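The structure under discussion appears below in the form of structure tokens.
There are 2 protein chains.
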Amino acid sequence: MRNSRRATISDVAAASGVGVGTVSRVINGASNVRQATRVHVLKVIDQLGYRPSHLAAALSRGTQRSVAIVVPHLTRPSVVERLAGALAVLDAEGYDTVVCNADSPARRDSFLARLTSKDRTDGVIIMSLPISQPQLAAVRRASIPLVAVDVTLRGVPHTVIDDTAGGRLATEHLLSLGHKRIGFVGDLVRRMTKSTFGFTASERRLAGYRHALAAAGLAQCQSLVRLGPYGAANAEALTTELLALPEPPTAIFTSSDTQAMGVLAAADRMGLRVPDELSVVGFDDIELAALIGLTTVRQPLEQSGVEGARRLSALLRGEQVTPLRQVLDLQVVQRNTSTHPRPARQAGSGRAVAAEGIAAAERHYRADGRGMPRAGCVASGHRAGLAQLRRRT
Amino acid sequence: MRNSRRATISDVAAASGVGVGTVSRVINGASNVRQATRVHVLKVIDQLGYRPSHLAAALSRGTQRSVAIVVPHLTRPSVVERLAGALAVLDAEGYDTVVCNADSPARRDSFLARLTSKDRTDGVIIMSLPISQPQLAAVRRASIPLVAVDVTLRGVPHTVIDDTAGGRLATEHLLSLGHKRIGFVGDLVRRMTKSTFGFTASERRLAGYRHALAAAGLAQCQSLVRLGPYGAANAEALTTELLALPEPPTAIFTSSDTQAMGVLAAADRMGLRVPDELSVVGFDDIELAALIGLTTVRQPLEQSGVEGARRLSALLRGEQVTPLRQVLDLQVVQRNTSTHPRPARQAGSGRAVAAEGIAAAERHYRADGRGMPRAGCVASGHRAGLAQLRRRT
DNA sequence: TTCGGTAATGGAAGCGGTTCCACCACGAAA
DNA sequence: TTTCGTGGTGGAACCGCTTCCATTACCGAA
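If you're matching them up, the sequences are chains A and B in order.
Read in my numbering, the first sequence has 279 at position 279, and its numbers run on one by one without any break.
Add 1000 to a position in the second sequence, counting from 1, and you land on the number used in my numbering.
Laid out in structure tokens, this is it:
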């Protein structure tokens, strides 16, 4: 047996004494093939270990059925849930999905360039990732079927939530519980370019928070708003600052559940009981939120992926996608990190606690957890304050 | 301008008055093209909005540079970290990566069938997913370059950890703290087939636990080992059972960090303080573990993906991959959920607490959290016990 | 002037399928 | 017997590129 190179369809045809057309029909299960022929060809295929080339078939047929999804920070829970939703739909529709994890703007640009300059996939889904005007224009010119999820892209079908409304909902929830001093912990956005894209989710949620406060006739205290890079650790630091204020907030709204974890950690480090001494509201309702009983604004993460994928696949079928802008519902899920503010509060003791907390926090941030020596067993003194998952009844 | 169908390379050639060969050279940046020609062709390409077909190029060139990764349960943090590691490497090497999320054995089989029956990708990475003997044989016959991560596959390069050793490490850590009654909470495995693949990670970690107990000369109490389906909620239920025993454990080792979350939740529900009244050790060291101060066995998740991808790419370069079995290091990271057992313990009060806890748990499991009515704001009475992220100093 | 040698280029021959059209039997209808 | 379908089948043309070989133009060396 000459197995120098992989068997092709004509090898099979030759070996089974039929034409390539017939082999092709057998492979694709066309009905007009005599049973005996089919069986014979199938046997030869098996003997030769022949595997049809997807590539050649796609080229010849003119359709490859593959799409790309570009996401930032694949490891974030909210992103993964979206991605999973999209993958499920695309699989079901028979698409191959190539996942592009754009950790940095540079990688995002390189992915986008790769996708627009060459004809690699039938369509593209962009998730949670603002793209620059020129890039959008490039995609347009290439007329690549494109949908966006969790980003507003002019002229492109996009599935989003109303972040501003979400921020308002969260804040109104806290207001309705009686809170007057409500802090905000969110993302600091370094803009890449002067281009318009403007607001990120966190900024819009902050806007919603401001609207709600304004509507309630409350003065807005700038010092109650703290922004920093994404991540629980940073949120913890910001919260520590917030709680150390002369007049600390009685509640904190934060722009993601992950950041809420940091807020909770900070509260604990400062010795504040949640929700009795501090109410906390997150955003997203990732799986973890239910587990730890976090009050949060639920957005349909997985469903956003599902919708995005559905719309792309409609686009690829040549259907009209309307409306261009699809807004999914939000709702506050009250669990166990929010309640009425405690009636009284002694400023003095509060401050003392806060001071201690800050010192502890500073000790902590100097050494982070993950890069430790590689012995068999390491006692990690960092993260010295012990965290525990705690439920109160 | 006739834009009925997409421009091809010969359209460009015709429109710019050169041969297709020259256009091809321009596209691929070959050096032997006159500068003037290059510029002109480039201009025409731009005018025509021509995008070279990746498909056709790949077919012609005979290499497509794409791989598939098959993973189970994409949303689990450990899986995502592995995936992210692999993606980073594959991107850097210029591969397109199609992600196959196999939630069920059926989907796994369909992915595998799709990948083996047709020639779609250059190679495949399988993560954390046991496959059946016939399937492995099929892959072999098709001689698809394959590597495994977190699964042992005979004859296939695989990157794994020594789960048994990990179980032993965790248990020895608790033993060294003075614990004598150590519980285990892990996965119940319904075997799909009679095929050999045998042990899952959880089972092997359980084996390690048993070894350690045996080595310490401790009697093994079968009732201290509880197995159930994966997930924090189930782990919580199992832990509740464990803590309701007449003689409850003073420490629990559980086969993943996610399950450890459930263990912590159960402890809290039962009113047990961690680590004073119950020590808890997880496995994996996902990001969350550091945040909540969970003592755990660290395995290099992301790195496992990196290694798998590196090995696949070596395989695709035609290099030998040795050793076939690559075992990554483990280490216990002690944080704040493990300490010495408390000296004394009154059986009576313990039991009373336990009984109450079980009742509460049963109430809980009847109604799960996520399928609530869709009003603007929902107060969720399920998950009634409020959970809080808590750090003690 | 003749003759390599070289840089730039044109274009045919694949890559491995799908598809369409021509063709062949063969049985039923005329 | 002739004439049509009609189910099976063979194979050329084509999908859009890459690649290799042939060709041309031009230049310096002999």
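Positions of the beta carbon are idealized from the N, C-alpha and C atoms, including for glycine.
As the structure is a prediction and not an experimental result, all values here were calculated from the model.
Q.
Counting only C-beta atoms, is leucine 1243/B closer than 8 Å to chain A at any point?
A. no
Q: Starting from glutamate 134/A, trace the alpha helix (DSSP H) both ways and give me its first and last residue.
A: A small fix is needed here, since residue 134/A is proline in this sequence, not glutamate. Note, proline 134/A: alpha helix (DSSP H), 133 to 141.
Q | serine 1024/B at chain A interface by Cβ criterion, 8 Å | A | no
Q | Nearest neighbour of arginine 210/A, chosen from Val189/A, Gly183/A and Asn234/A [CA to CA] | A | Gly183/A
Q | Where glycine 166/A sits in the DSSP three-state scheme | A | helix
Q. At what residue ranges does the segment 1216 to 1281 of chain B contain a whole run of the beta strand (DSSP E), taking only runs of 3 or more?
A. 1225 to 1228 and 1251 to 1254
Q) If contact means a Cβ-Cβ distance below 7 Å, which residues of the segment 1030 to 1060 of chain B contact chain A? A) Gly1049, Arg1051, Pro1052, Ser1053, His1054, Leu1055, Ala1056, Ala1058 and Leu1059
Q: Could you confirm whether any beta carbon from chain B is found closer than 8 Å to the beta carbon of leucine 78/A?
A: Reading off the sequence shown, one finds serine at residue 78/A, where the question assumed leucine. Cβ-Cβ to chain B under 8 Å: no for serine 78/A.
Q) What does glutamine 1326/B pair with, by DSSP beta-bridge criteria? A) Thr1159/B
Q) From the DSSP output, which residues share a beta bridge with serine 397/A? A) The shown model of chain A, from 1 to 393, leaves out residue 397/A, and the question about it has no answer.
Q) Alpha carbon to alpha carbon, how far is asparagine 1101/B from arginine 51/A? A) 23 Å
Q. Where isoleucine 395/A and arginine 1342/B are concerned, what is the direct C-alpha to C-alpha distance, given to the nearest angstrom?
A. The displayed coordinates of chain A run from 1 to 393. Any statement about residue 395/A would go beyond what the structure contains.
Q: Taking aspartate 187/A as the reference, give the member of Ala309/A, Arg120/A and Ala260/A with the closest Cα.
A: Ala260/A
Q: Run the CB neighbour count on aspartate 1163/B, radius 10 Å, all protein chains shown included, and call it buried at 16 or more, exposed below.
A: buried
Q. Roughly how many angstroms separate the alpha carbons of arginine 1168/B and glutamine 1299/B, rounded to a whole number?
A. 14 Å
Q.
Output needed for histidine 1173/B: all residues of its chain with C-beta closer than 6 Å, excluding positions within five of it in sequence on either side, in chain order.
A. Val1332
Q) To which residues of the same chain is alanine 212/A closer than 6 Å at the C-beta, ignoring the five residues directly before and after it? A) Arg168, Thr171 and Glu172
Q) How about arginine 1081/B: is its C-beta nearer than 8 Å to some C-beta of chain A? A) According to the sequence displayed, residue 1081/B carries glutamate and not arginine. Cβ-Cβ to chain A under 8 Å: yes for glutamate 1081/B.
Q: Report yes or no: do three or more beta-carbon pairs, one from the segment 1039 to 1051 of chain B and one from the segment 1078 to 1095 of chain B, lie closer than 8 Å?
A: no
**Q.** Alpha-carbon to alpha-carbon, aspartate 268/A and alanine 352/A
**A.** Its pLDDT being 43, under 50, alanine 352/A is placed unreliably by the model, and nothing is read from it.
(Q) For chain A, check one thing: does any of its Cβ atoms lie closer than 8 Å to the Cβ of arginine 1140/B? (A) no
Q: Count the other C-beta atoms from every protein chain shown that fall within 10 angstroms of the C-beta of proline 1323/B, then say buried if there are 16 or more, exposed otherwise.
A: exposed
**Q.** Cut-off 8 Å between Cβ atoms - residues of its own chain near glutamine 326/A, not counting five sequence neighbours on either side
**A.** Pro157, His158, Thr159, Val160, Glu307 and Arg311
Q. Of all the CB atoms in chain A, is at least one closer than 8 Å to the CB of threonine 1075/B?
A. yes
(Q) Can you find the residues in the same chain that come closer than 6 Å, C-beta to C-beta, to valine 1098/B, ignoring five residues on each side of it along the sequence? (A) Ala1068
Q: Give a yes or no on whether 8 Å exceeds the smallest Cβ distance from valine 1098/B to chain A.
A: yes
Q. At which residues does the beta strand (DSSP E) containing glycine 1186/B begin and terminate?
A. 1182 to 1187
Q: Inspect the beta-carbon positions of valine 263/A and threonine 296/A and report whether they are closer than 8 Å.
A: no
Q.
On the CB-based measure, 16 or more other CB atoms within 10 Å of its CB, does glycine 1208/B come out buried or exposed?
A. buried
Q) Sorted by chain position, which residues of the same chain lie with C-beta nearer than 7 Å to leucine 245/A's C-beta, five sequence neighbours on each side aside? A) Ser223
Q) Going along chain B, which residues have a C-beta under 7 Å from aspartate 119/A? A) Arg1051, Pro1052, Ser1053 and His1054
(Q) To the nearest angstrom, how far is the alpha carbon of glycine 1305/B from that of isoleucine 1286/B? (A) 14 Å
Q) Counting only beta-carbon atoms, is leucine 87/A nearer than 8 Å to chain B? A) yes
Q) Using a beta-carbon distance below 8 Å, is asparagine 1028/B in contact with chain A? A) no
Q | glutamine 1064/B: contacting residues in chain A (beta-carbon distance under 7 Å) | A | Leu55
Q: Would you decide whether arginine 1226/B is buried or exposed? Buried here means 16 or more other CB atoms lie within 10 Å of its CB.
A: buried
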